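Following the working numbering, the numbering of the sequence shown begins with 891 at its first residue and continues without gaps.
Backbone N, C-alpha and C fix where the C-beta goes; we use that ideal spot for every residue, glycine too.
As the structure is a prediction and not an experimental result, all values here were calculated from the model.
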Amino acid sequence: MARAMAKSKQSPAPISPLDIAREVLGIEIAGLEALREGLDAGFVETLELLKSASGRIIVTGMGKSGHVAHKIASTFSSTGAPALYVHPGEASHGDLGMIARGDVVLALSKSGETAELGDLLAYAHRFSIPVAAITCRPDSTLARAAAAVIALPNANEACGETQAPTTSTTMMMALGDALAVALLRDKGITASEFHGFHPGGNLGAALRRARDMMHGLEATPLCRDSASVGEAVAILNAGGFGCVGLVGEDGTLTGILTDGDLRRQFGKARPDAPVREVMTKSPKTIGPMTLAGDALAILSKGKITALFVVEDRKPVGLLHVHDCLSTGVL
891 MARAMAKSKQ
901 SPAPISPLDI
911 AREVLGIEIA
921 GLEALREGLD
931 AGFVETLELL
941 KSASGRIIVT
951 GMGKSGHVAH
961 KIASTFSSTG
971 APALYVHPGE
981 ASHGDLGMIA
991 RGDVVLALSK
1001 SGETAELGDL
1011 LAYAHRFSIP
1021 VAAITCRPDS
1031 TLARAAAAVI
1041 ALPNANEACG
1051 ETQAPTTSTT
1061 MMMALGDALA
1071 VALLRDKGIT
1081 ASEFHGFHPG
1091 GNLGAALRRA
1101 RDMMHGLEAT
1111 PLCRDSASVG
1121 EAVAILNAGG
1131 FGCVGLVGED
1141 GTLTGILTDG
1151 DLRRQFGKAR
1161 PDAPVREVMT
1171 KSPKTIGPMT
1181 LAGDALAILS
1191 KGKITALFVV
1201 EDRKPVGLLH
1211 VHDCLSTGVL
């Protein structure tokens, strides 16, 4: 009997950290799926409101929603929609001056009753600055003050013990991304313009062009395709890139001779033999405007170390894999 009572008082087996993580992710995924399925005209109306801004998109929120708002503003700005995060508390102490006619406010609040948003919403109303809202309660004070509302679905927070903002902030973050991408596509932002917002880091490096990194024509090893193997090898060795480009009489690139070609032909090709007999015909090439990331992908996929940069089939430079890696392209 005593043993039975002791056994009944034993604590349940602890849940492993991995099981907890999978549970949290599962709850948040369910929230995102509900958000995706429930998107309606509110998203389109919000997008149109943001597009109408002749000034900036002012993103605001308090607490966890504020941290998400800060990230959304950063994403907007980096994708071609000038944006600024304004802390609602600081707005009441002078930062309302950062908001001007022509701006559009995007306010985030799970409850829609965040007291700190009051002064900012009143200011926006007074100066006819339109407001869009992201909230779980379409009948809230915030929603009633907004010209467009995206209503979050009634999804469980991943932290059931405290109901701390988890699933709700994940949905807000995802909505910010969706709005940013929709704005970017509407504006027709090109990779070149996007690079202008990201000049640094790996992303900036990958968005550089081949012309920005290639070795110019004066440093590019080239040889007439009518030359002998010996003549071509001499230029290959002097070039230091492990290859030499072969050009025809009209200057177009007809082939390439690499260290690998020479190893494969070792003992077979005489130095006085025509280089046309051993060169690789129709080599892979890129244009000057090829993105660095795309060029590196071609190099990696082809298991080669250099690409001739051509215009109208004529070489204008050479891009080596080290040129990509040394500038941070991954």
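Query                                                                                                                                                                                  : Result
Taking D1162 as the reference, which of G932, V1123 and V995 has the closest Cα?                                                                                                       : V1123
So, for A1014: in the same chain, excluding its five sequence neighbours on each side, which residues have a beta-carbon less than 6 Å away from its beta-carbon?                      : V995 and V1021
If you run the structure through DSSP and keep just helix, strand and coil, what is C1214?                                                                                             : helix
Helix, strand or coil for S1058 per DSSP?                                                                                                                                              : helix
Skipping 5 residues on each side, what residues in its chain have a beta carbon closer than 6 Å to that of G1106?                                                                      : G1207
Quick check on the DSSP output: what are the complete alpha helix (DSSP H) runs of length 4 or more inside the stretch 969-1033, in order along the chain?                             : 978-981 and 1008-1016
Label R1098 either buried or exposed according to how many other C-beta atoms from any shown protein chain fall within 10 Å of its C-beta, with 16 as the threshold for buried.        : buried
I'd like the list of long-range same chain contacts for D1115, defined as Cβ closer than 8 Å, with 5 residues on each side in sequence excluded.                                       : L1136, V1137, G1138, T1144, G1145, V1165, R1166 and M1169
Looking only at C-alpha atoms, which of L915, L940, I1019 and S906 sits nearest to A1035?                                                                                              : I1019
Have a look at H1085 and A1182 and give me their C-alpha separation to the nearest angstrom.                                                                                           : The predicted model places H1085 with a pLDDT of 47, which falls under 50 and marks its position as unreliable; any figure quoted below should be read in that light. So the two alpha carbons sit approximately 11 Å from each other.
Just curious, the alpha helix (DSSP H) that E918 is in, first and last residue?                                                                                                        : P907 to G928
Under 8 Å by Cβ, that's how I've got A1187 and L1073 pegged, so tell me the actual separation to the nearest angstrom.                                                                 : Not a contact, Cβ separation roughly 28 Å.
Going by beta-carbon coordinates alone, are G951 and A997 separated by less than 8 Å?                                                                                                  : yes
What does the Cβ neighbour count give for K1191, buried or exposed, with the cut at 16 atoms within 10 Å?                                                                              : exposed
Output the boundary residues of the alpha helix (DSSP H) element that contains I1194.                                                                                                  : Note, I1194: premise wrong, no alpha helix (DSSP H); not H, not E.
Taking all protein chains shown into account, decide if C1156 is buried (16 or more other Cβ within 10 angstroms of its Cβ) or exposed.                                                : Residue 1156 is actually Phe in this sequence, not Cys. Flag for F1156 reads exposed.
Please work out which residues of its chain come closer than 8 Å, Cβ to Cβ, to V1071, disregarding the five sequence neighbours upstream and downstream, and give them in chain order. : T969
For a minimum of 4 consecutive residues, which ranges assigned as the alpha helix (DSSP H) are wholly contained in the stretch 944-970?                                                : 954-968
Kindly identify the DSSP beta-bridge partner or partners of A1048.                                                                                                                     : A1048 is not bridged to any residue.
State whether the stretch 1041-1050 contacts the stretch 951-964, with contact taken as three or more CB pairs (one from each stretch) at a distance under 8 Å.                        : no
Between which two residues does the alpha helix (DSSP H) carrying R1153 extend?                                                                                                        : D1149 to R1154
If you count every other CB in all the chains shown that lies within 10 Å of the CB of V958, and 16 or more means buried, which is it?                                                 : buried
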